[in-house]
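A short write-up of the structure that comes next.
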Amino acid sequence: MARILVTSAIPYINGIKHLGNLVGSQLPADLYARYMRGRGHEVMFLCATDEHGTPAELAAAKAGKPVAEYCAEMHAVQAELARGFRLSFDHFGRSSSPQNHRLTQHFAGRLAENGYIGEVTEQQVYSSADGRFLPDRYIEGTCPNCGYDKARGDQCENCTKQLDPTDLIDPRSAISGSTDLEVRETKHLYLRQSLLKAKLDAWIDAQSDWPVLTTSIAKKWLHDGDGLQDRGITRDLSWGIPVKKGPEDWPGMEGKVFYVWFDAPIEYIAASAEWAQQHGHPDSAWRRWWRTDEGAKDVRYVQFMGKDNVPFHTLSFPATIMGSGEPWKLVDYIKSFNYLNYDGGQFSTSQGRGVFMDQALSILPADYWRWWLLSHAPENSDAEFTWENFQASVNKDLADVLGNFVSRVTKFCRSRFGEEIPEGGASGPEETALIARLSARLVAYQTHMDAMEIRKAAAELRAIWVEGNEYLQAAAPWAAFKTDPERAAAIIRLSMNLIRVYAVLSRPFIPDAADTLLAALKTENRDWPDSMPNALAVLPAGHGFSVPEMLFGKITDEQREEWQSRFAGKRG
RNA sequence: GGGCCUGUAGCUCAAUUGGUCAGAGCAGAGCGCUCAUAACGCUUUGGUUGGGGGUUCAAGUCCCUCCGGGCCUACCA
Numbered sequence: 054m055a056r057i058l059v060t061s062a063i064p065y066i067n068g069i070k071h072l073g074n075l076v077g078s079q080l081p082a083d084l085y086a087r088y089m090r091g092r093g094h095e096v097m098f099l100c101a102t103d104e105h106g107t108p109a110e111l112a113a114a115k116a117g118k119p120v121a122e123y124c125a126e127m128h129a130v131q132a133e134l135a136r137g138f139r140l141s142f143d144h145f146g147r148s149s150s151p152q153n154h155r156l157t158q159h160f161a162g163r164l165a166e167n168g169y170i171g172e173v174t175e176q177q178v179y180s181s182a183d184g185r186f187l188p189d190r191y192i193e194g195t196c197p198n199c200g201y202d203k204a205r206g207d208q209c210e211n212c213t214k215q216l217d218p219t220d221l222i223d224p225r226s227a228i229s230g231s232t233d234l235e236v237r238e239t240k241h242l243y244l245r246q247s248l249l250k251a252k253l254d255a256w257i258d259a260q261s262d263w264p265v266l267t268t269s270i271a272k273k274w275l276h277d278g279d280g281l282q283d284r285g286i287t288r289d290l291s292w293g294i295p296v297k298k299g300p301e302d303w304p305g306m307e308g309k310v311f312y313v314w315f316d317a318p319i320e321y322i323a324a325s326a327e328w329a330q331q332h333g334h335p336d337s338a339w340r341r342w343w344r345t346d347e348g349a350k351d352v353r354y355v356q357f358m359g360k361d362n363v364p365f366h367t368l369s370f371p372a373t374i375m376g377s378g379e380p381w382k383l384v385d386y387i388k389s390f391n392y393l394n395y396d397g398g399q400f401s402t403s404q405g406r407g408v409f410m411d412q413a414l415s416i417l418p419a420d421y422w423r424w425w426l427l428s429h430a431p432e433n434s435d436a437e438f439t440w441e442n443f444q445a446s447v448n449k450d451l452a453d454v455l456g457n458f459v460s461r462v463t464k465f466c467r468s469r470f471g472e473e474i475p476e477g478g479a480s481g482p483e484e485t486a487l488i489a490r491l492s493a494r495l496v497a498y499q500t501h502m503d504a505m506e507i508r509k510a511a512a513e514l515r516a517i518w519v520e521g522n523e524y525l526q527a528a529a530p531w532a533a534f535k536t537d538p539e540r541a542a543a544i545i546r547l548s549m550n551l552i553r554v555y556a557v558l559s560r561p562f563i564p565d566a567a568d569t570l571l572a573a574l575k576t577e578n579r580d581w582p583d584s585m586p587n588a589l590a591v592l593p594a595g596h597g598f599s600v601p602e603m604l605f606g607k608i609t610d611e612q613r614e615e616w617q618s619r620f621a622g623k624r625g
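Residue numbering for the first sequence follows our numbering, beginning at 54 and increasing consecutively.
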């Protein structure tokens, strides 16, 4: 038994995430965590909300609420949606937790002691009307290059020229529109990650089995231009983790907070501390996952994230850990994803384009979404959601191949033998052949799941479902029943057991349907099949069952068309 | 501008890293079955692997070039 630490990139607090966000981190992380638990390993699966930063403050202001209250509410909303999608976090934390405050301040203190923090005085734009410093992209004005009047302070969207906020003609606040802006001096802490460049480079080089997407982004940041740049890790905001050196004040940094991208990854660690506290465990319970000197040496740590998060997980966070000089666990494998597009364009939070988590659950059960999203995960390139594809895949795979198999077996059994598994009869060459095929496919399925090759794993699982239909067709119990009822009984006994195996193997993808099947079979046996012959003999003759409700109904053309138009534009 | 990814059957994707006639699912066509959610099974049509050039005994795979799609480029997170 191994110990697997799994984290999903933590979703930002300012709203409900869309399906693209879901499939980029939380859902595949859940798949992996469930699979590893199913195989009998000890798993710690952590996620949280990322609550700090300017957008959170603005969203709270827009909602007319104190930011702490807003975040607490949105955390509850996101937690509820996570439950709705059956995301099996051991803990869903908050980056604003006291644990994260302590740990973030601790890391900053260690980094400072080791010479990895620099203080830089810089010029930033301050808006009197908004009462805050403005990040570059919250300043709008006319582009000096092309004359576009809605250029942002970091870049002009029209001509793509990189800009400095002071380049803008007639600059104004993108928040209030105020032109009462001034440049002020402010002092910030920088993480001197350039000092760790060689160490990070060697570490990335050693990860030969990581996805290209992951390593190429890291390499780019390490070697582009002048190489890895130091990064500001503090901000002039009120909402965040106060800048402190461990437990002590940081002279000259009063009133400042750490930048979200410094404290967000540390929340992975803090989330486990929150978990320990919530369950009344001592600190050692969470530290054994994170400290290699306190039991984490045998932990395998896997992170899941969209490609936009890769630089922070391959460079900044590792630099934080390395620079601390303390034996914290570094990530062992980073699984990164491309984007999921929506029907010919991008999902858009601002335009309400696409399907959001709450809307998805309001029209179909979680399993439908889980199956489609995972079996089409954007692993090698950006993928696209279309309603036609969704309808076709879900109807065919879930309703026809899996659902109908369960239906034909259980209903046949009920009508010919009654509601218990029939006895008698012997298995023959067809069963031997089936078991051989299933055994080979099981190995392939496990290989893909171990390697986090999600699409391939889904395809293999589907092929395992198909084996059942092929077998039934070849064995034809309805024909055997007329001449040799005991032979039909043997076929059905095996098929009923096959349903249990399907439930166990499918559970990481479609947990609710799997549990429905196990309940119908009146069994709690969820043992992963170590050998197919044994696994297919778990339910004995005489074991009772009930015919389950239709496992998956089909999506009709009318539904598809209605949803297609409903989700095309503004959400409302 | 620079960097990275990507282009394979009508659609969604494979191809053991240079090695038999480029494979699967869906859609289409034909046949079979009647236990089942008009479901299932079998057979089958369909590709000059975006275009062009090159290296090699051998190229979807490596190199050059052109065309298309996407992402990143460090103060949104």
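Each residue gets a CB set at the ideal place from its N, CA and C atoms; glycine is no exception.
All of these numbers come straight from a predicted model, not from anything done at the bench.
- The C-beta distance from tyrosine 179 to isoleucine 228 rounds to 12 angstroms, too long to meet the 8 angstroms contact threshold.
- If you draw a straight line from the Cα of leucine 451 to the Cα of proline 335, it comes to about 44 angstroms.
- Between alanine 419 and histidine 429, the C-beta spacing is not below 8 angstroms.
- Shown here, serine 141 sits in coil according to DSSP, grouped into three states, outside any helix or strand.
- In the structure shown, glycine 359 adopts extended strand secondary structure according to DSSP, grouped into three states.
- The alpha carbon of arginine 546 has as its nearest neighbour, out of Thr536, Phe598, Arg508, Asp583, the alpha carbon of Phe598.
- Looking at the DSSP output, asparagine 394 shares a beta bridge with Gln399, Glu437.
- Just so you know, the alpha carbons of leucine 58 and alanine 323 end up roughly 14 angstroms apart.
- In this chain, serine 548 is not harboured by any beta strand (DSSP E); it is covered by the alpha helix (DSSP H) spanning 538–559.
- Residue environment for arginine 619: exposed (fewer than 16 other C-beta atoms within 10 angstroms of its C-beta).
- Judged by beta-carbon spacing, phenylalanine 357 lies within the 8 angstroms limit of serine 78, meaning their Cβ atoms are closer than that value.
- Linking proline 81 to arginine 423 through their CA atoms gives a straight-line distance of about 9 angstroms.
- Separation of aspartate 220 and glycine 194 (C-alpha to C-alpha, rounded to the nearest whole angstrom) is 9 angstroms.
- Taking the CA atoms as reference points, isoleucine 517 sits about 42 angstroms from alanine 255.
- Annotated as distal: leucine 275 and leucine 266, with beta-carbon spacing of 8 angstroms or more.
- Taking a contact to require three or more Cβ pairs closer than 8 angstroms, the region 603–616 and the region 488–504 do not qualify as touching.
- Distances from the alpha-carbon of histidine 94 to those of Thr345, Phe605, Trp616, Asp580 put Asp580 closest.
- Contact check for alanine 165 against lysine 298 passes: the beta carbons are separated by less than 8 angstroms.
- When C-alpha distances from alanine 182 are compared across Phe142, Asn153, Gly230, Cys196, the shortest belongs to Gly230.
- Distance from the CA atom of cysteine 100 to the CA atom of proline 593, rounded to whole angstroms, is 41 angstroms.
- DSSP, read as helix, strand or coil, puts methionine 54 in coil.
- Taking C-beta atoms under 8 angstroms as the contact rule, proline 380 and aspartate 351 fail to qualify, at a distance of about 14 angstroms.
- If you draw a straight line from the Cα of tyrosine 321 to the Cα of glutamine 152, it is about 11 angstroms long.
- By a beta-carbon distance limit of 8 angstroms, arginine 87 contacts proline 561. Their separation comes to about 4 angstroms.
- Of all C-beta pairs linking the region 240–251 to the region 303–319, three or more are shorter than 8 angstroms, placing the two stretches in contact.
- Under the criterion of beta carbons closer than 8 angstroms, tryptophan 440 and tryptophan 263 do not qualify as touching, at roughly 34 angstroms.
- For arginine 423, the enclosing alpha helix (DSSP H) starts and ends at 419–428.
- Judged by DSSP in its simplified three-state form, valine 519 adopts helix.
- Cβ neighbours of alanine 135 within its own chain (closer than 8 angstroms, five residues either side excluded): Gln79, Cys100, Phe142, Phe145.
- The alpha-carbon of glutamate 602 is positioned some 50 angstroms away from that of threonine 157.
- In the DSSP assignment, threonine 463 falls within the alpha helix (DSSP H) that extends over 457–470.
- Straight-line measurement puts the Cα of alanine 326 at about 50 angstroms from the Cα of threonine 485.
- In this structure lysine 464 is exposed. Its beta-carbon is surrounded by fewer than 16 other beta-carbon atoms within 10 angstroms.
- In the structure shown, serine 291 falls within a coil segment according to DSSP collapsed to helix, strand and coil.
- Taking a C-beta distance under 8 angstroms as the contact criterion, valine 496 and arginine 553 do not qualify as a contact pair.
- Only residues of its own chain outside the window of five on either side were considered, and among them Arg553, Leu592 have a CB closer than 7 angstroms to the CB of threonine 576, listed in chain order.
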